Every structure is written in structure tokens, then in C-alpha cells.
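Read through the structure below, which is laid out as C-alpha cells, and then see the notes.
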Amino acid sequence: MNYLFTPLLFLLPILCAPACARAQVRKAALPLDTGVLNVAQPIVPYDIPSKPSSPSSEKYFGPVEQQPQFPGGTKALYKFIEANLRIPSMAREIGISGKVFTTFTIEITGEITNVTVLRGLGFGCDEEAIRLVESMPNWKPGTQSGKIVKVKYNLPISFMTK
């Protein structure tokens, strides 16, 4: 008698499982009118120029053959940051420590433009990072295929309070 019920005990969960799975899918399905997709916002395609532009005037390059360089090299950049970074008083009082990730453009002249914060700390640290980057001297610009090009550059700036 036990031999008859044992196979049924194994078959019963197998037969019931698809029915339960279908019921869960129906419950999880979203109605189309929930407003998840906001169609009112226009989708702006990436603007592709109709004619190729000169690399030195409009294009930005990320990885280039010759990266832009701070005058004096990387060690001089670190010394500049250490000498000119001012910890904001609000951040010092609270004891904020961390990094502000900045991005900026190094123009073909070496000038720094379009300084923005990618990820900040707040408490005045973001504004101080922008001030610091904007106060840097002109860099040696990057080159691609022997031509001087604009380069987007990311620079993390560390804030350590004691």
C-alpha cells in the first residue's frame, strides 16, 4: 500500500508547481496605465555632426596617446593640491572625510574649463574642489595622432579632517 502512495507524493508537487508559478506571474504583471514610462519627455538622440570636425576644436577625447600633464608632473599636482586645498570650516566641525570626484576639460591651450562635480561630499567640500581645480595653472594639453586635442579629465580630491 505504501508503494502506491510514495510515487504520488513525488508527482503531486511537480504537477502543482506550474499552476502556482502562473498565478505568481499574473500577480506581478503591471498594468500598462501605471505611468512607469514617461512618454511626455522627448527622447533626444545623440547629435552626430554631418561633417567631420577638426579634432582640436570640437571633439573630446578620453584616452589619448599623450595624456595632458600638470606642469611638473603628477608629484607637482599632488603638491599643488596639498598646498592650496582649504578644508571648509563646516566639514572640519562635523569631521567629514572622503573624496570629491571632479571632471573638467583641458582645452587645446591647456586651460581648464567646464569644472563640475561628479560625486561630492557636501558641507562646502564640492565648492572648494571646484575652486581648487579652477585655480590650477594651464596644463600641457593631450595629443592624438600628433594633433593637440581637448581632453575630459577626472580628478578625485581627498578631504581629510583630523
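In mature numbering (1 follows the signal peptide of the UniProt record, and there is no 0), the protein residues as written are -23 to -1, 1 to 139.
Ideal Cβ positions, reconstructed from N, Cα and C, are used throughout, including at glycine.
In this text, all values refer to a predicted model and were calculated from it rather than measured experimentally.
Next item on the list: Quick one: using the 10 Å Cβ neighbour count with 16 as the cut-off for buried, is Pro45 buried or exposed?
Entry: Translated into the one-based positions of the sequence shown, residue 45 becomes position 68. It counts as buried.
Next item on the list: Please work out which residues of its chain come closer than 6 Å, Cβ to Cβ, to Ala106, disregarding the five sequence neighbours upstream and downstream, and give them in chain order.
Entry: Taking the first residue of the sequence shown as position 1, residue 106 is located at position 129. Counting only residues of its own chain and dropping the five nearest sequence neighbours on each side, Ala106 has a CB closer than 6 Å to the CB of Val77, Thr79 and Ile134.
Notebook entry, point to check: Using DSSP with H/G/I as helix, E/B as strand and the rest coil, what is Met137?
Noted result: Counted from its first residue, the sequence shown places residue 137 at position 160. Here Met137 sits in coil by DSSP.
Notebook entry, point to check: Where do the N-terminal and C-terminal ends of the beta strand (DSSP E) with Thr79 fall, by residue?
Noted result: Looking up residue 79 in the sequence shown gives position 102. For Thr79, the uninterrupted beta strand (DSSP E) segment begins and ends at Gly75 to Ile83.
Margin query: Looking at Ala68: is its Cβ nearer than 8 Å to the Cβ of Cys102?
Written below: For the purposes of this step, residue 68 is taken as residue 91 along the sequence shown, with counting starting at 1. For the purposes of this step, residue 102 is taken as residue 125 along the sequence shown, with counting starting at 1. In contact: Ala68 and Cys102 (Cβ atoms closer than 8 Å).
Notebook entry, point to check: Roughly how many angstroms separate the alpha carbons of Val94 and Gly72, rounded to a whole number?
Noted result: For the purposes of this step, residue 94 is taken as the residue at position 117 of the sequence shown. For the purposes of this step, residue 72 is taken as the residue at position 95 of the sequence shown. Cα-Cα distance, rounded: 21 Å.
Margin query: Which residue marks the beginning of the beta strand (DSSP E) containing Leu54, and which one marks its end?
Written below: The residue you call residue 54 lines up with position 77 of the sequence shown. If you look at Leu54, you'll find it isn't in any beta strand (DSSP E); it sits in the alpha helix (DSSP H) that goes Thr51 to Asn61.
Next item on the list: Consult DSSP for Leu109 and reduce its assignment to one of helix, strand or coil.
Entry: As a working mapping, residue 109 is identified with position 132 in the sequence shown. Here Leu109 sits in helix by DSSP.
Note to self: Whole angstroms are fine: how far does the CA of Ser112 sit from the CA of Gly99?
What the structure shows: Taking the first residue of the sequence shown as 1, we reach residue 99 at position 122. Taking the first residue of the sequence shown as 1, we reach residue 112 at position 135. One Cα belongs to Gly99, the other to Ser112, and the distance between them is close to 20 Å.
Note to self: Using only the alpha-carbon positions, how far apart do Ser74 and Gly123 sit?
What the structure shows: The residue labelled residue 74 in the question sits at position 97 within the sequence shown. The residue labelled residue 123 in the question sits at position 146 within the sequence shown. Rounded to whole angstroms, the separation of the alpha carbons of Gly123 and Ser74 is 41 Å.
Next item on the list: Reducing DSSP to helix, strand and coil, say where Ile64 ends up.
Entry: Mapped onto the sequence shown, residue 64 falls at position 87. It is coil, neither helix nor strand.
Check: So Val92 is in the beta strand (DSSP E); what residue range does that whole segment cover?
Finding: Taking the first residue of the sequence shown as position 1, residue 92 is located at position 115. It spans Ile89 to Arg96 - the beta strand (DSSP E) in which Val92 sits, taken as one unbroken run.
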